[in-house]
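Asks:
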Amino acid sequence: MKQYEMVIGLEVHVELATKTKIFCGCSTEFGKEPNTHTCPVCTGMPGSLPVLNKKVVEFALRAGLASNCRINQTCKFDRKNYFYPDNPQNYQISQLYIPICQDGWVEIKTDTGKKKVRIHEMHMEEDAGKLIHDEWADCSLVDYNRSGVPLIEIVSEPDMRNSQEVIAYLEKLRCIMQYAGVSDCKLQEGSMRVDVNLSVREAGSESLGIRTEMKNLNSFKAIARAIEGESERQIELLEEGKAVIQETRRWDDNKEASFAMRSKEDARDYRYFPDPDLPPVQISDEWLETIRKSLPEFREEKMKRYQEEFKLPAYDAEILTESRSLASLFEETAVSFGNAKKTSNWFMVEVLRLMKERGMEPEEISFTPKHLADLLSMLERKEINSQNAKKVFERIFDQDIDPVIYIEEKGLKIVEDLGRLNEVIQKVLDENPGPLKELLDGKEKVMGFFVGKVMKEMQGKANPESVRKSLAAGIEKVGIEKAGIEKRKAKE
Amino acid sequence: MVKKIDDETMENICILAKLTLSEAEKEKAKEEMQRMLDYVEKLNELDTSGVKPLSHLFPSHNIFREDVITSQDNRDALLGNAPEKKDGQFQVPKTIG
Numbered sequence: 001m002k003q004y005e006m007v008i009g010l011e012v013h014v015e016l017a018t019k020t021k022i023f024c025g026c027s028t029e030f031g032k033e034p035n036t037h038t039c040p041v042c043t044g045m046p047g048s049l050p051v052l053n054k055k056v057v058e059f060a061l062r063a064g065l066a067s068n069c070r071i072n073q074t075c076k077f078d079r080k081n082y083f084y085p086d087n088p089q090n091y092q093i094s095q096l097y098i099p100i101c102q103d104g105w106v107e108i109k110t111d112t113g114k115k116k117v118r119i120h121e122m123h124m125e126e127d128a129g130k131l132i133h134d135e136w137a138d139c140s141l142v143d144y145n146r147s148g149v150p151l152i153e154i155v156s157e158p159d160m161r162n163s164q165e166v167i168a169y170l171e172k173l174r175c176i177m178q179y180a181g182v183s184d185c186k187l188q189e190g191s192m193r194v195d196v197n198l199s200v201r202e203a204g205s206e207s208l209g210i211r212t213e214m215k216n217l218n219s220f221k222a223i224a225r226a227i228e229g230e231s232e233r234q235i236e237l238l239e240e241g242k243a244v245i246q247e248t249r250r251w252d253d254n255k256e257a258s259f260a261m262r263s264k265e266d267a268r269d270y271r272y273f274p275d276p277d278l279p280p281v282q283i284s285d286e287w288l289e290t291i292r293k294s295l296p297e298f299r300e301e302k303m304k305r306y307q308e309e310f311k312l313p314a315y316d317a318e319i320l321t322e323s324r325s326l327a328s329l330f331e332e333t334a335v336s337f338g339n340a341k342k343t344s345n346w347f348m349v350e351v352l353r354l355m356k357e358r359g360m361e362p363e364e365i366s367f368t369p370k371h372l373a374d375l376l377s378m379l380e381r382k383e384i385n386s387q388n389a390k391k392v393f394e395r396i397f398d399q400d401i402d403p404v405i406y407i408e409e410k411g412l413k414i415v416e417d418l419g420r421l422n423e424v425i426q427k428v429l430d431e432n433p434g435p436l437k438e439l440l441d442g443k444e445k446v447m448g449f450f451v452g453k454v455m456k457e458m459q460g461k462a463n464p465e466s467v468r469k470s471l472a473a474g475i476e477k478v479g480i481e482k483a484g485i486e487k488r489k490a491k492e
Numbered sequence: 493m494v495k496k497i498d499d500e501t502m503e504n505i506c507i508l509a510k511l512t513l514s515e516a517e518k519e520k521a522k523e524e525m526q527r528m529l530d531y532v533e534k535l536n537e538l539d540t541s542g543v544k545p546l547s548h549l550f551p552s553h554n555i556f557r558e559d560v561i562t563s564q565d566n567r568d569a570l571l572g573n574a575p576e577k578k579d580g581q582f583q584v585p586k587t588i589g
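Protein chains in written order, with the numbering used here: chain V, 1 to 492; chain P, 493 to 589.
1. Can you pull the chain P neighbours of residue 83 (chain V), defined as C-beta to C-beta under 8 Å?
2. For residue 202 (chain V), which of helix, strand or coil comes out of DSSP?
3. Verify the CB distance criterion: does residue 151 (chain V) have a CB-CB separation below 8 Å to chain P?
4. Would you report the Cα separation of residue 215 (chain V) and residue 295 (chain V), rounded to the nearest angstrom?
5. Please state whether DSSP places residue 78 (chain V) in a helix, a strand or coil.
6. For chain P, is any of its Cβ atoms less than 8 Å away from the one on residue 34 (chain V)?
7. Hey, does residue 53 (chain V) have any beta-carbon neighbour from chain P nearer than 8 Å?
8. Do the CB positions of residue 428 (chain V) and residue 457 (chain V) come within less than 8 Å of each other?
9. Taking the beta strand (DSSP E) that residue 136 (chain V) belongs to, which residues open and close that run?
10. Any beta carbon of chain P sitting closer than 8 Å to that of residue 76 (chain V)?
11. Looking only at its own chain, which residues have a Cβ that is under 6 Å from the Cβ of residue 234 (chain V), when we skip the five neighbours before and after it?
12. Within its chain, find whatever has a CB closer than 6 Å to the CB of residue 251 (chain V); leave out the 5 residues flanking it on each side and keep chain order.
13. Is residue 279 (chain V) closer than 8 Å to residue 548 (chain P) when the C-beta atoms are compared?
14. Spell out the partners DSSP gives residue 195 (chain V) in its beta bridges.
15. Taking the DSSP output, what are the residues bridged to residue 101 (chain V)?
16. For residue 125 (chain V) and residue 94 (chain V), which I take to be in contact (beta-carbon distance under 8 Å), what is that distance rounded to the nearest angstrom?
17. According to DSSP, what are the bridge partners of residue 113 (chain V)?
18. Within 10 Å of its beta-carbon, does residue 371 (chain V) have 16 or more other beta-carbons around it, so buried, or fewer, so exposed?
19. What's the gap between the Cα of residue 494 (chain V) and the Cα of residue 123 (chain V)?
20. Using a Cβ-Cβ cut-off of 8 Å, state whether residue 536 (chain P) counts as contacting chain V.
21. Can you give me the C-alpha to C-alpha distance between residue 450 (chain V) and residue 468 (chain V), rounded to a whole angstrom?
22. Of all Cβ atoms in chain V, is any one closer than 8 Å to the Cβ of residue 584 (chain P)?
23. Whose Cβ in chain V lies nearer than 7 Å to the Cβ of residue 492 (chain P)?
24. Any heavy atom of the ligand HEM closer than 7 Å to the CB of residue 538 (chain P)?
25. Measure from the C-beta of residue 142 (chain V) to each C-beta in chain P and report whether the shortest distance is under 8 Å.
26. Within the continuous beta strand (DSSP E) that includes residue 212 (chain V), where are the two ends?
27. Is the CB-CB distance between residue 154 (chain V) and residue 98 (chain V) below 8 Å?
28. Using alpha carbons as the reference points, say which of V:454, V:403, V:461, V:417 lies closest to residue 426 (chain V).
29. Taking DSSP's pairing of strands, which residues face residue 252 (chain V) in a bridge?
30. Whose C-beta lies closer than 6 Å to the C-beta of residue 589 (chain P) among residues of the same chain, with five residues either side of it excluded?
31. Figure out for me which residue from V:386, V:161, V:373, V:101 has the closest Cα to the Cα of residue 403 (chain V).
32. Comparing alpha-carbon positions, which option in V:438, V:3, V:109, V:434 lies nearest residue 170 (chain V)?
33. What does the alpha-carbon distance come out to for the pair residue 314 (chain V) and residue 304 (chain V)?
34. Would you kindly work out how many angstroms separate the C-alpha atoms of residue 488 (chain V) and residue 480 (chain V), rounded to a whole number?
35. Taking the beta carbon of residue 532 (chain P) as the centre, do at least 16 other beta carbons fall within 10 Å, making it buried, or is it exposed?
36. Quick check: is the beta carbon of residue 587 (chain P) nearer than 8 Å to any beta carbon in chain V?
Here's what the structure looks like:
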């Protein structure tokens, strides 16, 4: 069999995190009762007029600048005409002729090294409504809450060669969009949607094969599977001497196969033309500069700073900066507590463990940084033992409790009560004559057994160091007494 | 060169516009559209080299609204226009097989 390689380009739709829709004052809130966030504009009523949401332009500029795009300082909107019930105007307002951003790139990292993926363009457009298929009544129902929600469509160049590069590119885009604060990019909720354009060709060839476009990809795993499945299908066709047909295919992740939706033959003729209802957008140098200045520190810079300023290992810095919200939680905690390395250790072990156990995304973690900082301070002053600290942190993680109040209330605070400690030590020594004899005979390992017994009796409310010290003193005393008795016995 | 509205073009326009026309209507529409194209063809007599394409007639730009919620739940009024509705939604013929 010949060697083949894949050529992949992506179209990614990202829902912008504005409060209102792109052309009307309806809320964009997700998951509300059908059609309760609609108005004459986003349901395409005759005579209604769209007015552009300024924030959409700002978010598109942030996204474009963050991915090294050239900004078209004069851009406009065009109508894309087609009939479908999810599109009440019978046209979608988009940007064909002059998109707001062009010619960008992002850098991705895979096992084979670093690589640039070029971005052809990024344009603003409105989302369509949602269709629900009613199997019983044999009809479809339309909810226009999503109609008019602002999107940017990010079109890459066909620069990716395998699914690993595709996933790395998508993770990079998601990270950039989240850092820039323009979208939460949740694939499951549809705030990030990916169409894969894929063709195969003989390895080393310069020409491009016939490509297909795949839709309905709802997770990174589904995307990876779809890429493998579609490339195998295309290679099989070519090996059999058949041709790949240019068409749109729908990926069915349950069946792990794609199915043709429509072919190029009945490809739609969208008859684009400039939207006469929307005057052009002009972005002044000042406006662009204001946006540029308002961009946050991105992941790469943050990673570098964490290593230099906080002396964190590269691996820790990479994990902590994966999401902007996790990074700011870490930073605020570190500043409040005063020791970045110890804060980082806690995040790397405890925070990540709970996040995994709870099946959460880094963006979903939310607690008051001062609460963790207070807990770490108490641990540092040995006012709580590490086992209890972990338990208290679970409460902070889940319910954001104030550890100072909680530890006081639950009586978890270690108070140095030496009288009580010595009583307990005496009791433990008296109750365990066997191990005590072994210890006195020089079997040092038995010490751990006694420390454990004492800590248990103290219900964790003792400082292990004090326990060790007092226990040693107690044993020494017993040893001396014992030696005295033996001496006397010998005399007699 | 004026584009000729032939049967094939007419057919395509009907598909795109979702129109079902009788043979007589098609003939009439063909004639009318041809007249429109012939009329607009006049513009091609002008030399427009060096003239920038114009998309909007008025010199206005940057007509924005702030990102503030201004509309309320209009569902009942909006659904009032629907020929068919169900569970607060617009009911339409089944869209996928």
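Each residue gets a CB set at the ideal place from its N, CA and C atoms; glycine is no exception. As the structure is a prediction and not an experimental result, all values here were calculated from the model.
Replies: So, from the data block:
1. 510
2. strand
3. no
4. 32 Å
5. strand
6. yes
7. yes
8. yes
9. From DSSP, residue 136 (chain V) is part of no beta strand (DSSP E); its letter is neither H nor E.
10. yes
11. 200, 244
12. 214, 216, 217, 226, 258
13. yes
14. V:11
15. V:71, V:122
16. 4 Å
17. V:110
18. buried
19. Past the boundaries of the shown model lies residue 494 (chain V); chain V is included only from 1 to 492, so the question cannot be answered.
20. no
21. 9 Å
22. yes
23. Residue 492 (chain P) lies beyond the stretch modelled for chain P, which goes from 493 to 589, so this question has no answer here.
24. The model depicted lacks the ligand HEM and carries no ligand whatsoever.
25. yes
26. 212-217
27. no
28. V:454
29. V:257
30. Any reading at residue 589 (chain P) must be qualified, since the residue scores a pLDDT of 45, below 50, and its modelled position is unreliable; the value itself is stated next. Closer than 6 Å at Cβ, skipping near neighbours: no residue.
31. V:373
32. V:109
33. 8 Å
34. 12 Å
35. exposed
36. yes
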